[in-house]
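Heads up, the thing below is written out as structure tokens.
2 protein chains.
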Amino acid sequence: MSTYAVIMAGGIGTRFWPESRQAHPKQFLNVFGDSTLIQNTVARLQGLVPPERCLVVTHERYVEKTKKQLPALPAENILAEPISRNTAPCIAYAAMKLQARDPDATMVVLPADHVIEDVARFHEVLEAAIDQAQAPGALVTIGINPTHPATGYGYLQFDGPDAATAPDAEPQAYPVRTFAEKPDLATAERFLDSGDFLWNSGMFIWRADTILDQMETHLPAAYEAFAPVREVVDSDAESSVLTEAFQNSPRISIDYGVMEQADEVYVVPGSFGWSDVGDWRAVYDLSEKDEHGNAIQGNVLMHDASRCLVHGDDRLVVLVGVHDMVVVDTDDAVLVCNRESAQQVKNVVEYLHAHQFADYV
Amino acid sequence: MSTYAVIMAGGIGTRFWPESRQAHPKQFLNVFGDSTLIQNTVARLQGLVPPERCLVVTHERYVEKTKKQLPALPAENILAEPISRNTAPCIAYAAMKLQARDPDATMVVLPADHVIEDVARFHEVLEAAIDQAQAPGALVTIGINPTHPATGYGYLQFDGPDAATAPDAEPQAYPVRTFAEKPDLATAERFLDSGDFLWNSGMFIWRADTILDQMETHLPAAYEAFAPVREVVDSDAESSVLTEAFQNSPRISIDYGVMEQADEVYVVPGSFGWSDVGDWRAVYDLSEKDEHGNAIQGNVLMHDASRCLVHGDDRLVVLVGVHDMVVVDTDDAVLVCNRESAQQVKNVVEYLHAHQFADYV
Chain U
1 MSTYAVIMAG GIGTRFWPES RQAHPKQFLN VFGDSTLIQN TVARLQGLVP
51 PERCLVVTHE RYVEKTKKQL PALPAENILA EPISRNTAPC IAYAAMKLQA
101 RDPDATMVVL PADHVIEDVA RFHEVLEAAI DQAQAPGALV TIGINPTHPA
151 TGYGYLQFDG PDAATAPDAE PQAYPVRTFA EKPDLATAER FLDSGDFLWN
201 SGMFIWRADT ILDQMETHLP AAYEAFAPVR EVVDSDAESS VLTEAFQNSP
251 RISIDYGVME QADEVYVVPG SFGWSDVGDW RAVYDLSEKD EHGNAIQGNV
301 LMHDASRCLV HGDDRLVVLV GVHDMVVVDT DDAVLVCNRE SAQQVKNVVE
351 YLHAHQFADY V
Chain R
362 MSTYAVIMAG GIGTRFWPES RQAHPKQFLN VFGDSTLIQN TVARLQGLVP
412 PERCLVVTHE RYVEKTKKQL PALPAENILA EPISRNTAPC IAYAAMKLQA
462 RDPDATMVVL PADHVIEDVA RFHEVLEAAI DQAQAPGALV TIGINPTHPA
512 TGYGYLQFDG PDAATAPDAE PQAYPVRTFA EKPDLATAER FLDSGDFLWN
562 SGMFIWRADT ILDQMETHLP AAYEAFAPVR EVVDSDAESS VLTEAFQNSP
612 RISIDYGVME QADEVYVVPG SFGWSDVGDW RAVYDLSEKD EHGNAIQGNV
662 LMHDASRCLV HGDDRLVVLV GVHDMVVVDT DDAVLVCNRE SAQQVKNVVE
712 YLHAHQFADY V
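Chains as they are written, first to last, in this note's numbering: chain U, 1 to 361; chain R, 362 to 722.
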């Protein structure tokens with residue numbers, strides 16, 4: 001069997017406004033000053049999955065941008081979604097494409113916009129997951145050993161060693177008991193105290209044939225919508241049949257549609273400096289800081305400023321007497337945001353959408 | 362006798378960066394959203410001094426801008442300083458021009474960039490000062506009844522009623538005892554407690570012949586530098602003789618050069634909602650605020666923001682979770698400044714001057 005990566009890059013990333021826009025979402029940003037998040041996602045697979053076995057699934061409007069950012073990937077590895085329908089349809093399509101290429105394929109499904117610091121450990125964890133995925137019917141996910149009662153992540157409960165302790169030297173898979181949505185703080189604290197909850201990383205490992213079988217059983221509406229695609233994969237008819245499949249499929253996540261229903265669900269706990277980089281505050285936390293705790297990009301001048309994230313460009317950005325603030329300056333818009341309020345940026349973008357500011361989103 | 366206004370508009374206003382620039386200083390800004398400060402300075406003289414008797418002295422680089430902003434003033438009323446040499450040379454020049462026009466002229470010398478709320482009261486105070494200025498050798502200034510121990514203003518000590526109490530119903534002139542530089546806070550508090558200190562407003566009222574006499578006595582170096590100008594006023598030779606006069610004159614303020622030396626110095630205390638609008642914080646204090654205490658110009662969106670001053674333009678400015686902040690957005694630069702740190706903006710501009718950022722000042 002061969003291992004393939006399927007990188008999900010369909011997000012529109014409203015939380016990084018004004019840098020992220022509908023035309024230029026989060027996964028294509030270089031928020032840490034060097035490569036973009038999707039470039040890093042491919043690069044950190046080096047040694048595990050070569051570029052020719054990396055696939056990206058993205059909305060068709062981002063295909064050209066994806067090809068440009070990932071020139072090492074064969075063009076046919078960029079799969080275009082005609083419409084966004086959450087993760088289940090996207091995964092069904094990718095699994096069918098892979099099966100046509102390699103009936104024995106194992107898929108490593110990864111979000112395009114996460115950060116991982118300890119790549120060696122990440123590979124070890126993925127290898128354990130890939131092993132486990134060879135068991136009949138096995139669906140495997142990666143769970144992150146939680147470091148604090150985060151309310152921004154989903155959780156999963158598992159039968160294994162205390163989630164709060166350092167994970168095994170040798171990563172291994174454990175049965176998943178249940179999935180939980182993003183909790184409130186009290187619930188998150190209970191999860192942490194119990195020692196049997198991990199953060200749901202949104203990374204999945206399974207054989208292409210297994211996920212399609214499980215989808216047929218647990219999510220037949222999506223499976224049937226995509227069944228006609230299987231007949232025309234890689235033919236001239238694929239594009240039009242695919243559009244119909246997406247239109248006919250329910251809009252549902254793979255977590256909710258399959259993982260929560262299936263019997264053979266496993267998790268490999270991992271601890272490798274993971275973040276889903278959910279907002280500007282996370283970018284600040286993950287950025288290199290100067291001696292005043294400032295993380296700066298662009299043409300920036302600070303005077304009595306500390307613990308700030310500033311992303312500028314050509315224009316001069318000057319901060320005077322400013323602390324714990326995020327300033328993001330772009331051609332047509334500037335954001336000044338308290339670091340602790342970074343989560344609220346998405347509300348602003350929703351407001352912009354709704355109130356005649358569509359040019360800015 | 363006739364009363365003339367001489368509006369001093371030579372300042373370069375570094376404290377309103379990035380709106381104020383060398384090419385576009387404070388007096389030409391509409392920081393309160395309607396007219397510019399210099400337009401307001403002329404407009405509030407209506408009923409006391411008509412436009413044809415308003416003169417403006419400004420650096421020659423601002424002459425065109427001044428004419429454009431003050432179209433009601435005759436072109437010959439805009440006097441150009443070839444170089445900036447503080448207030449004494451500027452006043453010597455204006456006094457000679459006025460004397461040539463009207464040997465009996467009384468001058469009301471006003472900074473171009475102050476704010477006055479109670480114009481009727483301001484007129485009453487000026488009228489008392491104009492009366493007093495008819496006394497032989499009298500130099501008159503306006504002192505502001507202090508409302509707090511400000512450290513940003515000079516003070517003057519006078520022989521009159523308690524400075525802290527409401528000023529007389531009928532404004533009148535009192536002898537000035539001494540002038541004091543901008544004090545530290547402890548000194549300012551002592552000044553206020555004493556009850557005999559007023560803020561030095563920088564407004565002067567005197568006859569043109571009196572100030573020239575007093576300058577001849579107390580500031581002969583400046584007087585002699587300008588003596589040749591007297592001979593050529595309004596002739597073709599004026600411009601070149603004037604340049605030489607400015608070059609030969611010491612760089613000195615009228616306060617230091619004359620007012621502090623002269624014998625017949627008077628002050629009319631006034632209380633008319635005065636501010637010299639010294640920085641962005643003062644603009645905030647003087648601006649109309651919405652129910653969240655925000656003062657906004659331009660294309661601005663606030664989400665959980667309060668007590669902020671935002672001056673934008675076409676670009677969208679978004680504030681999220683931000684309080685007590687000043688944000689000023691211009692084509693090539695954006696300032697984010699704590700309201701309490703507004704005084705430090707001038708240090709930033711000095712830094713920009715000194716460090717290869719000259720394009721931005």
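Backbone N, C-alpha and C fix where the C-beta goes; we use that ideal spot for every residue, glycine too. It should be emphasised that the depicted structure is a prediction, and the values quoted were computed from it without experimental measurement.
Item	Value
Span separating the alpha-carbon of Ile717 (chain R) from that of Val336 (chain U)	Going by the sequence as given, residue 717 (chain R) is Gln instead of Ile. Each residue's alpha carbon lies about 26 angstroms from the other.
Distance between beta carbons of Met468 (chain R) and Ala489 (chain R), contact taken as under 8 angstroms	At roughly 16 angstroms, the Cβ-Cβ gap does not stay under 8 angstroms, so Ala489 (chain R) and Met468 (chain R) are not in contact.
Which of helix, strand or coil DSSP assigns to Arg636 (chain R)	A small correction: the amino acid at residue 636 (chain R) is Ser; Arg does not occupy that position in the sequence shown. Correct three-state label for Ser636 (chain R): strand.
Chain R residues whose Cβ lies nearer than 8 angstroms to that of Ala180 (chain U)	Residues of chain R passing the Cβ test: none, with the nearest at roughly 28 angstroms.
Residues that DSSP places opposite Val476 (chain R) in a beta bridge	R:Ser636
Beta-ladder partner(s) of Asp690 (chain R), from DSSP	R:Val695
Continuous beta strand (DSSP E) stretch holding Gln157 (chain U): start and end	Tyr155 to Phe158
Per DSSP, cross-strand counterpart(s) of Arg21 (chain U)	U:His24
Cβ-Cβ distance between Lys543 (chain R) and Thr512 (chain R) below 8 angstroms	yes
Pair within 8 angstroms by beta-carbon distance, Ala453 (chain R) and Glu421 (chain R)	no
Cβ pair Leu409 (chain R), His509 (chain R) closer than 8 angstroms	no
Sequence-distant residues of the same chain with beta carbon closer than 7 angstroms to Asp520 (chain R), five excluded per side	Tyr535, Pro536 and Arg538
Local conformation of Met259 (chain U) per DSSP, three classes	helix
Three-pair Cβ contact test at 8 angstroms for the region 64-74 of chain U versus the region 220-229 of chain U	no
Interfacial residues, the region 314-329 of chain U to chain R, with Cβ spacing under 9 angstroms	Asp314, Arg315, Leu316, Val317, Val318, Leu319, Val320, Gly321, Val322, His323, Met325, Val326, Val327 and Asp329
Reference Lys289 (chain U), options U:Phe28, U:Phe32, U:Gly10 and U:Pro25, closest by Cα	U:Phe32
Residue closest to Asp314 (chain U), alpha-carbon to alpha-carbon, out of R:His684, R:His664, R:Met663 and R:Ala694	R:Ala694
Supposed contact pair Ser271 (chain U) and Ile144 (chain U) - C-beta distance, whole angstroms, cut 8 angstroms	7 angstroms
Cα-Cα separation, Arg85 (chain U) to Trp199 (chain U)	24 angstroms
Nearest-angstrom Cβ-Cβ length linking Lys387 (chain R) and Gly371 (chain R), presumed shorter than 8 angstroms	Contact flag wrong, Cβ pair sits at about 11 angstroms.
Host beta strand (DSSP E) of Glu81 (chain U) (start-end)	Ile78 to Glu81
Among R:Glu380, R:Asn391, R:Leu487 and R:Met362, the one whose alpha carbon lies nearest that of Leu647 (chain R)	R:Asn391
Residues in the region 606-625 of chain R having any Cβ partner in chain U nearer than 7 angstroms	none
Contacts of His664 (chain R) in chain U (Cβ-Cβ under 7 angstroms)	Gln344, Asn347 and Val348
Proximal chain U residues relative to Ala694 (chain R), where beta-carbon distance stays under 8 angstroms	Arg315, Leu316, Val317 and Val318
Range of the contiguous alpha helix (DSSP H) that encloses Gln658 (chain R)	Segment Ala656 to Gln658 is the beta strand (DSSP E) holding Gln658 (chain R); no alpha helix (DSSP H) there.
Simplified DSSP assignment, three categories, for His353 (chain U)	helix
Same chain only: Cβ atoms within 7 angstroms of Gln533 (chain R), ignoring 5 sequence neighbours per side	Ala489 and Val629
Outcome for Gln608 (chain R) when other beta-carbon atoms lying within 10 angstroms are tallied against a minimum of 16	exposed
Gln214 (chain U) and Ala262 (chain U) closer than 8 angstroms at C-beta	yes
Gly195 (chain U), buried or exposed, once every other Cβ within 10 Å from all chains shown has been counted against 16	exposed
Proximal residues, the region 396-413 of chain R versus chain U, C-beta separation under 8 angstroms	none
Rounded separation between Trp378 (chain R) and Val710 (chain R) - CA only	7 angstroms
Continuous alpha helix (DSSP H) assignments of at least 4 residues falling wholly in the region 519-599 of chain R	546-555, 569-579 and 581-593
Chain R residues whose Cβ lies nearer than 8 angstroms to that of Tyr62 (chain U)	The premise fails here: Tyr62 (chain U) is roughly 24 angstroms from chain R at the closest Cβ pair, so nothing lies under 8 angstroms.
Coil, strand or helix - Thr87 (chain U) by DSSP	helix
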